[in-house]
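Numbering (numbering that gives the first Met the number 0), first residue to last: 0 to 424.
Glycine residues also receive a C-beta, built at the ideal position from the N, C-alpha and C atoms.
Structure record follows, encoded as structure tokens.
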Amino acid sequence: MKLTLDQIQSQNNYQSAEHNRSFEFLAESLEKKGIDVESLISKLQELQIAIPSWALGTGGTRFGRFSGGGEPATLIQKIQDVGILHALNQSSNAVSLHIPWDIPSDYQAIKDSVSEVGIGFDAVNSNTFQDQAHQAHSYKFGSLANSEQAVRDLAVEHNKKVIEIGEKLGSKALTVWLADGSSFPGQHSLRKALENTHLSLQEIYKAVPDDWKLLIEYKPYEPSFYSTVIQDWGTSFLLANKLGKKAYTMVDLGHHLPNTNIEQIVATLMTEGKLGGFHFNDSKYGDDDLTVGSVKPYQLFLIFQELVKGFKETNNPPLSWMIDASHNLKDPMEDLIQSVQAIKLAYAQALLVDSKSLEAAQEVHDVAGAQEILQDAYRTDLRPLLAEAMRRSGGAIDPIKAFRSLKVRESLINERGLKSIASGL
0 MKLTLDQIQS
10 QNNYQSAEHN
20 RSFEFLAESL
30 EKKGIDVESL
40 ISKLQELQIA
50 IPSWALGTGG
60 TRFGRFSGGG
70 EPATLIQKIQ
80 DVGILHALNQ
90 SSNAVSLHIP
100 WDIPSDYQAI
110 KDSVSEVGIG
120 FDAVNSNTFQ
130 DQAHQAHSYK
140 FGSLANSEQA
150 VRDLAVEHNK
160 KVIEIGEKLG
170 SKALTVWLAD
180 GSSFPGQHSL
190 RKALENTHLS
200 LQEIYKAVPD
210 DWKLLIEYKP
220 YEPSFYSTVI
230 QDWGTSFLLA
240 NKLGKKAYTM
250 VDLGHHLPNT
260 NIEQIVATLM
270 TEGKLGGFHF
280 NDSKYGDDDL
290 TVGSVKPYQL
300 FLIFQELVKG
310 FKETNNPPLS
320 WMIDASHNLK
330 DPMEDLIQSV
340 QAIKLAYAQA
350 LLVDSKSLEA
360 AQEVHDVAGA
370 QEILQDAYRT
380 DLRPLLAEAM
390 RRSGGAIDPI
400 KAFRSLKVRE
410 SLINERGLKS
420 IASGL
């Protein structure tokens, strides 16, 4: 299935009068404050959020999985689904592949597929947290950190293979997330596990092309519950610094202990020029993989406020933006639409912050004044601005409403059937 510009425009025609009234009212209000509305729209149009191939099917928990039908069973079908999302929001122009779930059998066919729907490839992601069929050694007790050299070599070679696949497709980054750790005290040497990981990453780093980034992700717990080798941003940052200029820290919003100040982590990493990008999601308790902005929208805004400042005040390189979530209850495509909307809305709100006034308030310790400046931006309803940015780019004024009105899920079920299951899940 492929959505056409005419289909999107037909949906916009039903909503254009109401949208125009809302947008014109907001634009007038913003311009009275001296805000350049056209500049805001341009920046929103530029921000693109990659869609992970594994998020296009129904997710699940260890207790169950409830597929809604019409899931993409092949890589080409996943690409088609991202194309549908991008047609709707004009904000998701890349897909991020997970290897070995998404190894192309025909590279030219895959390239033709992305070209047809107007998207490209973001970071490729390696998988050493699962054993694959006919695998020579098991990752049960770790991969890059394993005490056995043969297991570490297998994991290193897998990452090198992922890089080769990414090069063929035009990707420019490798993301490494490790499940390596221990569930019991004394299970392994904490120091040696970190040393082994560093040595393994050094071998992978050598294979990373000069114009690529190596993104090192972290997580405090799960699947191990006593220790995780790369458990926090500090350990990721330590490894990235030791590896070299191509290595960066990847921040996953769900990979923190409750109430962690993620915006402070972002500020620190940008100051050091080592923030590589984001895996966006939301959480209440841990790595919940909830829809972005569904639980902590103010935190998301504060993160973007630090990002906007960092773009102006640091030399941190451009970032990789990607959603990383699981959808057990919602239609996964609707969830992804909502997540992209939440990300761009938080970005728009952050762009609205009067940075000069905020800095002046900070200098004289005007705590209440600083809070008012931030919350004035956060509480401004910028949804009409986001809708206008999508409309001007050729997207839908209301992507969720268009998705439903155009009966996208019903069409996918007709094409693929109710029993189609996304590969890799």
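* Starting from residue 379, follow the beta strand (DSSP E) in both directions and report where the run begins and ends. => Taken as a continuous stretch (DSSP letters only), residue 379 belongs to no beta strand (DSSP E), as it is neither H nor E.
* Asked: Can you give the beta carbon distance from residue 84 to residue 91, rounded, assuming they're within the 8 Å contact cut?
  -> 5 Å
* Entirely enclosed beta strand (DSSP E) segments - the stretch 112-178, minimum 3 residues -> 123-125, 172-175
* To do: Go ahead and label residue 413 buried or exposed: buried means 16 or more other beta carbons lie within 10 angstroms of its beta carbon, across all protein chains shown.
  => exposed
* Asked: How about residue 336 and residue 88: do their beta carbons lie closer than 8 Å?
  -> yes
* **Residues that residue 51 bridges to, as DSSP identifies them** => 95
* Asked: For residue 320, which beta-bridge partners are listed by DSSP?
  -> 277
* Does DSSP classify residue 247 as helix, strand or coil? -> strand
* **DSSP state of residue 216 mapped onto helix, strand, coil** => strand
* Continuous alpha helix (DSSP H) assignments of at least 4 residues falling wholly in the stretch 256-307 -> 261-270
* The alpha helix (DSSP H) spanning residue 232 covers which residue range? -> 232-242
* Run through DSSP, which three-state label would residue 60 get? -> strand
* To do: Quick one: using the 10 Å Cβ neighbour count with 16 as the cut-off for buried, is residue 208 buried or exposed?
  => exposed
* If you compare alpha carbons, which of 274, 399, 227 is closest to residue 256? -> 227
* Starting from residue 195, follow the alpha helix (DSSP H) in both directions and report where the run begins and ends. => 189-206
* Asked: In this structure, does DSSP put residue 338 in helix, strand or coil?
  -> helix
* Using three-state DSSP, classify residue 394 as helix, strand or coil. => coil
* Asked: In its own chain, which residues sit with a C-beta less than 7 Å from the C-beta of residue 6, not counting the 5 before and 5 after it?
  -> 405
* **Per-residue burial, residue 417 [other beta carbons within 10 Å of its own, 16 or more giving buried]** => exposed
* Rounded straight-line distance, which links the Cα of residue 251 to that of residue 372 -> 27 Å
* Asked: Can you name the residues that DSSP bridges to residue 180?
  -> 227
* **Element boundaries [alpha helix (DSSP H), containing residue 9]** => 4-31
* **Per-residue DSSP class, three states only, for residue 363** => coil
* To the nearest angstrom, how far is it from the Cα of residue 333 to the Cα of residue 403? -> 9 Å
* Proximal residues to residue 86 (C-beta, below 6 Å), its chain only, five neighbours per side dropped -> 2
* Beta-carbon gap between residue 274 and residue 281 smaller than 8 Å -> no
* Asked: Between the beta-carbon of residue 171 and the beta-carbon of residue 110, is there less than 8 Å?
  -> no
* Keeping to the same chain, check which residues put their C-beta closer than 8 Å to that of residue 120; ignore five residues upstream and five downstream. => 93, 94, 95, 96, 113, 165, 168, 169, 170
* Asked: Taking the Cβ atom as the reference point for each residue, do residue 437 and residue 229 lie within a distance shorter than 8 Å?
  -> Given that the chain is displayed from residue 0 to residue 424, the structure contains no residue 437 and the question cannot be resolved.
* To do: Could you tell me if residue 61 is buried or exposed, where buried requires 16 or more neighbouring beta carbons within 10 angstroms of its beta carbon?
  => exposed
* To do: Go through its chain and collect everything with a Cβ distance to residue 342's Cβ below 7 Å, but skip five positions before and after it.
  => 48, 279, 291
* Can you tell which of 149, 123, 124, 324 has its C-alpha closest to the C-alpha of residue 134? -> 149
* First and last residue of the uninterrupted alpha helix (DSSP H) at residue 83 -> 74-88
* Which whole-angstrom value is the C-beta distance of residue 345 and residue 385, which I expect to be below 8 Å? -> At roughly 10 Å, the Cβ-Cβ gap does not stay under 8 Å, so residue 345 and residue 385 are not in contact.
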